[in-house]
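J.: Just dropping this structure here.
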Amino acid sequence: MLRDARKAVLVVEPGEVRTRPEPVRAAPLAVANPSRPTAAELATTPEGPRQPPLPGIQPEPRVAGLADVRLDNGLRVVAVRDARAPLVELRLRMPLGAGGWGRAAEVATLVHKLGEAAVRVRAPGGELRVSSDGQWLDVTGHVESSEADGWLAASAEVLTYDGYGELSPLRDAGQDIEQALRRACLPESGGLADPRRILSPAGATLIAVGDLDPDGFAGRAASSFAAWMGASEPKSSARLTPGRLVLPAVHASEVYLTLCWPEPAGDSGDPARYLATAVFGGYQRSRLAARWAELGAGFEVLTGRELFLDFERVYLKARMPKELAVAAVSAIEAELGRMAGKPLTPSEVEPARGFCSGQLLGVFDAPSTMADLLRQSVASGREPTWLERMPSRLATVSVDDVSKAGEDLFAPRPMLVAVAGEVDEPLGQRLAMLESRR
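According to the UniProt record's numbering, the sequence shown is numbered sequentially starting from 1.
Following this line, the structure appears as structure tokens:
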């Protein structure tokens, strides 16, 4: 055995004489057709460099072969046929609900137990994973088309197993900003989380995209999940109250900041809101990105909108060096004011329009990306066909409408501010001004 052998050290040194054979340099192959032009010749014309052909007509995006069914237990099944590969991408998403949103450590325990169960029952030739981001619990995977029924049966077995027991925290889940925000918006709750309340089909969504018969898949899903009932979930009383949360520093040299406030009433899927969010801080040429680039340091900043707990919110997330935190927060405050005081221009909206349209059209490149976005949009309350309608709506919405949407979304209003890092007096003063924007 090696563990019983005497210890030794192997030393390798270059030798005095080369023993490696010389490389073989074969004669070049004869050109089969010397009259054919070279690549360099093909790239030029008498008038100059040859221009590449113009792009073809972009086909209209389509969510083809769609089945959309809500089962008796509340589970919504959306199946889309995409036969480019003999696979099916599957996404099962359920909200953690009032029983799980404020219990990150116990949910982590449940995800661990579900993951162990998934390993035991995983369908052959496929993948079945369980994860949670604090808002949702996701069962995801892919499988060969012929094994889709096995994946459904395995998922149903994991979700309906009644032996998970009490969800005592296995470990301290720590406290990140999103967890702190959820706790701040929820009332205090005692006792341990009940797995049956978290693993509930009410409000859950199953997405399937791939080589399948949509109607037939929906019927088989109804059979597989017929026994999945869950327990009744109390109605959430989540409420976003303006104020400030200060968390310990994640990294001593940086400050992490999240601002959020409820999205104004209206259509959250409005293309004008979509573009206004991008222009303000949603992509690399946004107003915020340009402002922060002037500060000359490595920052991260992103603005978005999403379902948070059981309401829609607008958020801004940023990471900044500690020594420039005051300047960065001042820049955020200035840009929020500029959205209300300076209308958006075509030179700002048109690049964002192209970027957002390209993002959405890219979703149709693969079944996996389509399944991911369908999971996100349908679980948030949108219809599956929203995905195919949105590119054309983005192309036609006016600059004035986008500017008005920006004023509505980012108008002065009180907000909830969460910061992880050292907050000295100057930074505290700037944050206080953000909290009380009116």
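Heads up, the beta-carbon is just placed ideally off N, CA and C, and yes, glycines get one too.
At what residues does the beta strand (DSSP E) containing Pro367 begin and finish?
T.: Boundaries around Pro367 are those of the alpha helix (DSSP H), Pro367 to Ala379, since no beta strand (DSSP E) includes it.
J.: Residue range of the alpha helix (DSSP H) that Phe217 falls in?
T.: Pro214 to Ser224
J.: Whose C-beta lies closer than 8 Å to the C-beta of Gly243 among residues of the same chain, with five residues either side of it excluded?
T.: Ala184, Leu416, Val417 and Glu435
J.: Quick one: which unbroken alpha helix (DSSP H) runs of 4-plus residues sit fully inside the stretch 13-70? Chain order, please.
T.: 39-42
J.: Would the beta-carbon of Val139 fall within 9 Å of that of Leu114?
T.: yes
J.: Give me whichever residues DSSP pairs with residue 439 in a beta bridge.
T.: With the chain represented from 1 up to 438, any question about residue 439 goes unanswered, as that position is not in the structure.
J.: Please classify Leu54 as buried or exposed, where buried requires at least 16 neighbouring CB atoms within 10 angstroms.
T.: exposed
J.: Could you tell me if residue 445 is buried or exposed, where buried requires 16 or more neighbouring beta carbons within 10 angstroms of its beta carbon?
T.: A query on residue 445 cannot be resolved here, the shown segment of the chain reaching from 1 to 438 and no further.
J.: Would the beta-carbon of Val329 fall within 9 Å of that of Arg413?
T.: In this structure, Arg413 does not lie closer than 9 Å to Val329 by Cβ.
J.: Between the C-alpha atoms of Thr160 and Arg353, what's the straight-line distance to the nearest angstrom?
T.: 44 Å
J.: DSSP on Gly210, reduced to helix/strand/coil?
T.: strand
J.: Can you tell me where the alpha helix (DSSP H) holding Met339 begins and where it ends?
T.: Ala325 to Gly341
J.: Taking Asp213 as the reference, give the member of Ala83, Leu199 and Leu152 with the closest Cα.
T.: Asp213 has its Cα closest to that of Ala83, out of Ala83, Leu199 and Leu152.
J.: The beta strand (DSSP E) with Val80 in it runs from where to where?
T.: Arg76 to Arg81
J.: Assuming the contact rule is C-beta atoms closer than 8 Å, Glu348 and Val314 should be a hit. Round their C-beta distance to whole Å, please.
T.: At roughly 19 Å, the Cβ-Cβ gap does not stay under 8 Å, so Glu348 and Val314 are not in contact.
J.: Determine the burial state of Gly362: buried for a count of at least 16 other Cβ atoms within 10 Å of its Cβ, exposed for fewer.
T.: Under this definition Gly362 is an exposed residue.
J.: Along the alpha helix (DSSP H) that carries Glu435, what are the first and last residues, could you check?
T.: That run of the alpha helix (DSSP H) goes Glu425 to Glu435.
J.: Considering just the uninterrupted stretch of the alpha helix (DSSP H) at Phe410, what are its terminal residues?
T.: Val399 to Phe410
J.: Using alpha carbons as the reference points, say which of Glu407, Gly358 and Trp292 lies closest to Pro61.
T.: Gly358
J.: Using 10 angstroms around the beta-carbon of Ser237, count the other beta-carbons present and answer buried if the total reaches 16, otherwise exposed.
T.: exposed
J.: Please classify Val209: is it buried, with 16 or more other beta-carbons within 10 angstroms of its beta-carbon, or exposed?
T.: buried
J.: Going by DSSP, which residues form a beta bridge with Met94?
T.: DSSP output for Met94 lists Leu137 as bridge partner(s).
J.: Return the CA-CA distance between Tyr256 and Glu312, expressed in angstroms with no decimal places.
T.: 22 Å
J.: According to DSSP, what are the bridge partners of Thr277?
T.: Its beta-bridge partners do not exist; DSSP assigns none.
J.: Residues in its own chain within less than 8 Å of Arg305 by CB, not counting five upstream and five downstream?
T.: Glu263, Ser268, Arg273, Thr277, Glu312, Arg313, Val314, Tyr315 and Leu409
J.: Helix, strand or coil for Glu348, going by three-state DSSP, please let me know.
T.: helix
J.: Considering Cα atoms alone, identify which of Leu137, Asp401 and Ile177 is closest to Leu259.
T.: Ile177
J.: Tell me whether the stretch 370-383 and the stretch 66-86 touch, counting them as touching only if at least three CB pairs, one residue from each stretch, are closer than 8 Å.
T.: With a cut-off of 8 Å, the stretch 66-86 and the stretch 370-383 count as touching, because enough Cβ pairs lie within range.
J.: What are the partner residues of Met320, as DSSP defines its beta bridges?
T.: Val255
J.: Can you tell me the Cα-Cα spacing of Met433 and Leu427, whole angstroms?
T.: A straight line joining the alpha-carbon of Met433 with that of Leu427 spans about 10 Å.
J.: State the start and end residues of the unbroken alpha helix (DSSP H) segment that holds Gly304.
T.: Not the alpha helix (DSSP H): Gly304 falls in the beta strand (DSSP E), residues Glu300 to Phe308.
J.: Quick check on DSSP: helix, strand or coil for Val9?
T.: coil
J.: Any idea what DSSP makes of Thr109, helix, strand or coil?
T.: helix
J.: What's the call for Gln179, buried or exposed, on a 16-neighbour Cβ count within 10 Å?
T.: buried
J.: Does the beta-carbon of Val17 have 16 or more other beta-carbons within 10 angstroms, so that it is buried, or is it exposed?
T.: exposed
J.: With DSSP run on the structure shown, which of helix, strand or coil describes Arg114?
T.: Inspection of the sequence shows that residue 114 is occupied by Leu rather than by Arg. Looking at Leu114 - three-state DSSP - the assignment turns out to be helix.
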